[in-house]
Ligand code: MN
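Set out below in structure tokens:
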């Protein structure tokens, strides 16, 4: 089995190193990841400038072929599949920080898996809660291998990927969840550059309802959260109402 590993924290992140090395237990691994951090860039694809694809021995993957790209996580998946061949499985992460609820609309980690799923490749995004004292990527990577093995054996429906979040500390177990309302309440910080001109920095505070059965709830309770996510954004329940509106057009 061939496994493509990517992320959005960049090829030098400890999260992708742990994931890439652990995935060797399942098959032939290759790594294609951004050269610098691309967190929160979402599913962007670079189409108005050229991209470079460079072998990177210094990232600590040993014998595993590892390449860095000066683009987004989705660029990495597109180039990785095109230049190195189609994998049987795509894994993204392990992200430094959770990707819960509405975070999925910004997450580069999840976008790599979305790109994989849209290419018909079974794809999984992995993220780790960083509120703990230390980041145990090795433990998360062990669970990632177990989950990836199941996905490789059972497959995923067309247009569906898995979004996995690891809690801080040792997991109490694993829960299948739905997305929560977790998101970041934006604050905009205004400061002055050395020449006295204003610049702006978008920051925020994470908020969201800890409703039972959601990804946020599971992670806060110390469980691994596993959410099946669909590429189909259609709000089907609302379609009859939009149909009714059309009567008034
Ligand atoms: Mn990230």
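In this note's numbering, the protein residues as written are 1088 to 1336. Yeah, the Cβ is synthetic: ideal placement off N, Cα and C, and Gly gets one too. Given the structure is predicted, the values throughout are model-derived calculations rather than measurements.
Assigned with DSSP and collapsed to three states, residue 1212 falls in strand.
Under the three-state reduction of DSSP output, residue 1267 falls in the coil class, being neither helix nor strand. About 4 angstroms separates the beta carbon of residue 1302 from that of residue 1264, a gap short enough to meet the 8 angstroms contact definition. Linking residue 1283 to residue 1180 through their CA atoms gives a straight-line distance of about 39 angstroms. When 1220, 1125 and 1295 are compared, the shortest CA-CA separation from residue 1160 is found for 1125.
The set of residues with any CB-heavy atom separation to the ligand MN below 5 angstroms comprises, in chain order, 1095, 1096, 1126 and 1182. Taking 7 angstroms as the cut-off, the beta carbon of residue 1109 is found no closer than this to the beta carbon of residue 1290. Annotated as distal: residue 1248 and residue 1199, with beta-carbon spacing of 7 angstroms or more.
Residue 1243 and residue 1209 have their C-alpha atoms roughly 6 angstroms apart.
Between residue 1178 and residue 1316, the C-beta spacing is not below 7 angstroms.
Residue 1141 sits exposed, since fewer than 16 C-beta atoms from the chains shown fall within 10 Å of its C-beta. Within the same chain, and ignoring the five residues on either side of residue 1287 in sequence, the residues whose Cβ sits closer than 6 angstroms to its Cβ are 1275 and 1277. DSSP places residue 1314 in the strand class (E or B) of the three-state scheme. With fewer than three CB-CB distances shorter than 8 angstroms, the segment 1142-1162 does not count as touching the segment 1216-1233.
The beta carbon of residue 1279 sits closer than 7 angstroms to those of 1285, all from its chain and outside the five residues before and after it, given in chain order. In this structure the segment 1182-1197 does not touch the segment 1166-1173; the number of beta carbon pairs closer than 8 angstroms is below three.
Under the DSSP definition of a beta bridge, residue 1138 lacks any partner. In the DSSP annotation of this structure, the continuous segment of the alpha helix (DSSP H) that includes residue 1196 starts and ends at 1195-1205. The distance from the Cβ of residue 1097 to that of residue 1122 is about 7 angstroms, consistent with a contact at the 8 angstroms cut-off.
Taking the C-beta atoms as reference points, residue 1314 is found nearer than 7 angstroms to residue 1250.
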